[in-house]
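These notes concern the structure reproduced below.
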Amino acid sequence: KTASRPFDGTRDGFVMGEGGVALVIEEYEHARKRGARIYCELMGAGLTADAYHLTAPHPEGLGARKVMELAVKDAGLNPEQIDYINMHGTSTPLNDVAEATAVKAVFGDHAYRMHLSSTKSMTGHLLGAAGVVEAIATILAIRDSIVPPTMHFTTEDPNIDYKLNFTFNKAQQREIRYALSNTFGFGGHNVSVVFGKIS
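Counting in my numbering, the sequence shown runs from 2 upward without gaps.
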């Protein structure tokens, strides 16, 4: 029940989950013309392949850092405009430290004003479906102005900066204009996507 504990000092690996969703992406005017319910705008994306190690991220999160920078730039935004990141947050000792380090490098002081969370704490790691399920969670966070929590946190890790708001154990309300969703895979395959609220 509490085996998936991203960013917790006692985390010891990811827990596999099962699930899948479909995400329909279409041109805005087409969706509007057919009367579709529009949840958000897909504003930008980044893709990198750092190939640091088959199963381990670079300790300083260089691949994660680069992919987030690319996604924010592709969206035409400044890092300070991002309100929330749905972290890759696998609950592994190496990933969580590297990703938190990368967030601080990309967002600087703004990292402390954002909300972060890992929905894998609730879904487990859905492997090939993880990215799209987490994209949906990010979209719903924007729509509902609710940041989903990172569950099962009890113990600090001296290698993680807890001045960052990981939204531990309880959802929090927040107006989210722009959000980032991170998905990083074995072999250093990294994707970040930026979603924005529809005005």
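Think of the CB as a built atom: it goes at the ideal place given N, C-alpha and C, for glycine as much as any other residue.
(message) By the three-class DSSP mapping on this structure, what secondary structure does L63 have?
(response) Counting from 1 along the sequence shown, the entry for residue 63 is found at position 62. In the structure shown, L63 falls within a helical segment according to DSSP collapsed to helix, strand and coil.
(request) Give me the Cα-Cα distance between E135 and H190, rounded to the nearest whole angstrom. (result) The count along the sequence shown starts at 1 and reaches residue 135 at position 134. The count along the sequence shown starts at 1 and reaches residue 190 at position 189. A direct Cα-to-Cα measurement between E135 and H190 gives close to 16 Å.
(request) Let me know the secondary structure DSSP gives Y40 once reduced to three states. (result) Stepping through the sequence shown from its first residue, residue 40 is reached at position 39. The answer is coil: DSSP assigns Y40 none of H, G, I, E or B.
(message) Checking 8 Å against the spacing of the C-beta atoms, do T156 and F169 come in under that value?
(response) Counting from 1 along the sequence shown, the entry for residue 156 is found at position 155. Counting from 1 along the sequence shown, the entry for residue 169 is found at position 168. Going by C-beta atoms, T156 is not nearer than 8 Å to F169.
(request) Under 8 Å by Cβ, that's how I've got D84 and Y179 pegged, so tell me the actual separation to the nearest angstrom. (result) Here the question's residue 84 lines up with position 83 in the sequence shown. Here the question's residue 179 lines up with position 178 in the sequence shown. Here D84 really is in contact with Y179; their C-beta atoms are around 6 Å apart, less than 8 Å.
(request) Could you spell out where the beta strand (DSSP E) holding A32 opens and where it closes? (result) On the sequence shown, residue 32 is found 31 positions in, with the first residue counted as 1. Here A32 belongs to no beta strand (DSSP E); instead the alpha helix (DSSP H) covers 29-34.
(message) Considering Cα atoms alone, identify which of G20, G10, F8, M44 is closest to H126.
(response) Looking up residue 126 in the sequence shown gives position 125. Of the listed residues, the one whose Cα sits closest to H126 is G20.
(message) As an exercise, report each continuous beta strand (DSSP E) stretch of at least 3 residues that is fully enclosed by the stretch 68-118, in chain order.
(response) 85-87, 116-118
(message) I'd like to check one pair, D51 with L63: are the Cβ atoms closer than 8 Å?
(response) Counted from its first residue, the sequence shown places residue 63 at position 62. Counted from its first residue, the sequence shown places residue 51 at position 50. Yes, these two residues count as a Cβ contact at 8 Å.
(message) According to DSSP, is V134 part of a helix, a strand, or is it coil?
(response) If you number the sequence shown from 1, residue 134 lands on position 133. In the structure shown, V134 sits in a helix (DSSP, three-state: H, G or I).
(request) Whole angstroms is fine: what's the gap from R33's alpha carbon to C41's? (result) Along the sequence shown, read from residue 1 onward, the residue named residue 33 stands at position 32. Along the sequence shown, read from residue 1 onward, the residue named residue 41 stands at position 40. If you draw a straight line from the Cα of R33 to the Cα of C41, it is about 12 Å long.
(request) Leaving aside the five residues before and after A138 along the sequence, list all residues of the same chain whose C-beta is less than 7 Å from its C-beta, in chain order. (result) Your numbering for residue 138 matches position 137 in the sequence shown. Contacts found: N87, T120, P149.
(message) Short of 6 Å in beta carbon distance, which residues of its chain neighbour V73, apart from the five on each side in sequence? Order them along the chain.
(response) Within the sequence shown, residue 73 is the residue found at index 72, counting from 1. Cβ within range, chain order: P80.
(message) Less than 6 Å between C-beta atoms, sequence neighbours within five positions excluded: which residues of the same chain meet that for R144?
(response) Along the sequence shown, read from residue 1 onward, the residue named residue 144 stands at position 143. Hits under 6 Å: Y40.
(message) Rounded to whole angstroms, what is the Cα-Cα separation between E70 and T102?
(response) Here residue 70 refers to the residue found at position 69 of the sequence shown. Here residue 102 refers to the residue found at position 101 of the sequence shown. Between E70 and T102, the C-alpha separation is close to 14 Å.
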